[in-house]
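In this note's numbering, the protein residues as written are -19 to 385.
Every residue, glycine too, gets a C-beta built ideally from N, C-alpha and C.
Heads up, the thing below is written out as structure tokens.
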């Protein structure tokens, strides 16, 4: 009993010591009541020479760390301007977690190009450009308001770059956001290129009077950041697109949206043309073989019969009850296939697709793997998924999930 009492006393003492230690006056405290002192950005050794960014892999910048009163996790961002007073700087996309930053030459070239277009009114055919550029660092604690501090400004005496903005091309993917993704860009779903046609994408969407938006990022589209002029058109009756790219439908429902892009790199222009068709999903292949109704699985040399299980137009026209998915009438509903009529094991697989005009079925096929829809897109043949008689395929295009059961 005495031993237990002694141990209890030790435990209580340790707890009291810990409590006292936690209340020490010298505990780290983040004081943001006054502005953070500027950090010191060091001038690179070769700043007085010429940097040709076409041949510069990277430039190393170092600076002092902000003084927050304790070692903090700091994010560092590089800013660039053609003006010494850092008017309208461009922030480079890479961020850094320490105060030694290896900055890619490509990022510097893109930012310098944007500065020249904006401040020198240069055109693409007037490049390369040579100019001094000015740099500084913005540092902050992520998520902590008031923790931001800026460094001093340094000068790179002469920077040369050719026109460095990326070529204008069809974004791959275009993300789609609307009511069916809870109007949350983090839940936006991607478009898929038609195989062998990179400037044509498709996507099954729920569209209504509130509309849907497309963007090359999971955020509102900002093509102007890359100096791309984007225009929109829609060629299907009952649907409309405004000058900002918002698409609406007179009759709400699920549709296949097809997006065609026409780009002009010299003019840095892109035209996106939208069209819509019924949201029809189809099975194809050996999972729907049923000789009793004429869906054959292989050529029969004696009768000359063809492998009807791969004849997409015949299947859609004459055997729809075996191959056409049921389209849901609700925004969060699932597309459900007919029951499989043949066991599948090996090369045939259980396969599904949508029909894009003037393209074979495999150019827009997809299936579910481990609960997620995977689109073939521009890739090669997909893995095969075995199936059993009586099973059905379920696809939910609001979050690209599904199952075979």
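Query                                                                                                                                                                       : Result
Across the stretch 54 to 61 and the stretch 113 to 132, are there enough close Cβ pairs to call them in contact, namely three or more that are closer than 8 Å?             : yes
If we ignore side chains and look at the alpha-carbon of each, how far apart do residue 1 and residue 46 end up?                                                            : Summary for residue 1: the model assigns pLDDT 42, below 50, so the residue's position carries little reliability; its value from the coordinates is reported in the next sentence. Their Cα atoms are separated by approximately 27 Å.
Verify whether the separation of the beta carbon atoms of residue 225 and residue 266 is less than 8 Å.                                                                     : no
Out of curiosity, what's the CA-to-CA distance linking residue 208 and residue 297?                                                                                         : 43 Å
Verify whether the separation of the beta carbon atoms of residue 114 and residue 63 is less than 8 Å.                                                                      : yes
Among 103, 20 and 268, which has the Cα closest to the Cα of residue 42?                                                                                                    : 20
Rounded to a whole number of angstroms, what is the C-alpha to C-alpha distance between residue 53 and residue 349?                                                         : 39 Å
Within the stretch 175 to 254, note down every full beta strand (DSSP E) run reaching 3 residues or more, in order along the chain.                                         : 177 to 187, 192 to 195, 209 to 214, 219 to 221, 227 to 229 and 233 to 244
So what's residue 119 in DSSP terms, helix, strand or just coil?                                                                                                            : strand
Does the contact criterion of 3 or more C-beta pairs under 8 Å hold for the stretch 333 to 343 versus the stretch 375 to 382?                                               : no
So, under 8 Å CB-CB, residue 263 and residue 324 are touching, yes? Tell me the CB distance rounded to an integer number of Å.                                              : With a Cβ gap of about 11 Å, residue 263 and residue 324 do not count as contacting.
Which partner residues of residue 26 appear in the DSSP bridge assignment?                                                                                                  : In DSSP, residue 26 forms no bridge with anything.
Just the Cα atoms here: how many angstroms apart are residue 182 and residue 34?                                                                                            : 36 Å
Can you look up residue 162 in the DSSP assignment and give me helix, strand or coil?                                                                                       : coil
In whole angstroms, what separates the C-alpha of residue 211 from that of residue 175?                                                                                     : 24 Å
For residue 277, collect the residues of the same chain with a Cβ closer than 6 Å to its Cβ; drop the 5 residues on either side in sequence, then sort them by chain order. : 266, 269 and 289
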